[in-house]
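J.:
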Amino acid sequence: MKVILLEDVKGVGKKGQMIDAADGHARNFLIPKKLAVEATAGHMHELEDKKKAVLRRQTSELESAQALAKTLSAATLKVPVKCGEKGKLFGSVTNKELAAVLSKQTGLEIDKKKVILEEPIKTIGEKQITVKLHSQVSARITVEIVRAED
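Its first residue numbered 21, the sequence shown is counted upward by one per residue in this note's numbering.
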């Protein structure tokens, strides 16, 4: 019996996949537990519509992330910090602080886990950081660490 899975079923298949299951397994386990529906023409059409909608949403998210990456790459982020005489910081600038400043200056909510630092920033000057905006898009942003006005 051909069925369309509504959930991921271990050892059987992934959500949205059409499989050929044994009649007893489909009728006694998959369908009653609402893990699958019978593969009728209506259900097949519904599955195709859902796949198309997901693809459109993913495409629009990718395009907006690429546009945002272009905008962020052109901007310079200024981060005021307290530091000593020779430009050495008291502590370091973390990805959490950079995400907060980035969110404040751009108006977008950026998660601290998406800000990637190769190493902690401990001196004044310009640095390059990476912000992961999408699974396929990341932006290189110039961060200028400046002495805070007391």
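Note that beta-carbon positions come from the ideal geometry of N, C-alpha and C, so glycine has one too.
Between the alpha carbons of L25 and S93, how many angstroms are there, rounded?
T.: Taking the sequence shown and counting its residues from 1, the one referred to as residue 25 is at position 5. Taking the sequence shown and counting its residues from 1, the one referred to as residue 93 is at position 73. One alpha carbon belongs to L25, the other to S93, and they sit about 42 Å apart.
J.: Apply the 10 Å Cβ neighbour rule to K106 and answer buried if 16 or more other Cβ atoms are within range, or exposed otherwise.
T.: Residue mapping note: residue 106 aligns to position 86 of the sequence shown, counting from 1. That one is exposed.
J.: Could you check whether the region 130-147 touches the region 107-115, counting it as contact only if at least three pairs of C-beta atoms, one from each stretch, sit closer than 8 Å?
T.: Judged by Cβ distances under 8 Å, the region 130-147 makes contact with the region 107-115, as three or more pairs qualify.
J.: Would you give the residue range spanned by the alpha helix (DSSP H) that S80 belongs to?
T.: Working through the sequence shown from its first residue, we reach residue 80 at position 60. 61-94 is the span of the alpha helix (DSSP H), which, as asked, contains S80.
J.: In angstroms, rounded to a whole number, what distance separates the CA positions of L109 and V99?
T.: As a position in the sequence shown, residue 109 is number 89, starting the count at 1. As a position in the sequence shown, residue 99 is number 79, starting the count at 1. Whole-angstrom Cα-Cα distance: 12 Å.
J.: Looking at C-alpha atoms only, which residue of L82, L55, K53, M38 is the closest neighbour of A61?
T.: By one-based count along the sequence shown, residue 61 stands at place 41. Here the closest residue by C-alpha is M38.
J.: Name the two residues that bound the continuous beta strand (DSSP E) containing Q125.
T.: Along the sequence shown, read from residue 1 onward, the residue named residue 125 stands at position 105. Careful: Q125 lies outside any beta strand (DSSP E), inside the alpha helix (DSSP H) at 115-126.
J.: Would you mind sorting K147 into buried or exposed? The rule is 16 or more other CB atoms within 10 Å of its CB.
T.: Within the sequence shown, residue 147 is the residue found at index 127, counting from 1. So K147 ends up on the buried side.
J.: Got a sec? Which residues, its chain only, sit under 6 Å from K102 by beta carbon, not counting five neighbours each side?
T.: Here the question's residue 102 lines up with position 82 in the sequence shown. Around K102: F110, A168.
J.: Would you kindly report the start and end of the unbroken beta strand (DSSP E) that includes A56?
T.: Here residue 56 corresponds to residue number 36 of the sequence shown, with the count starting at 1. Per DSSP, A56 belongs to the beta strand (DSSP E) from 56-58.
J.: Helix, strand or coil for L26? Go by DSSP, reduced to three states.
T.: Along the sequence shown, one-based indexing puts residue 26 at 6. Residue state for L26 is assigned as coil, using DSSP reduced to three classes.
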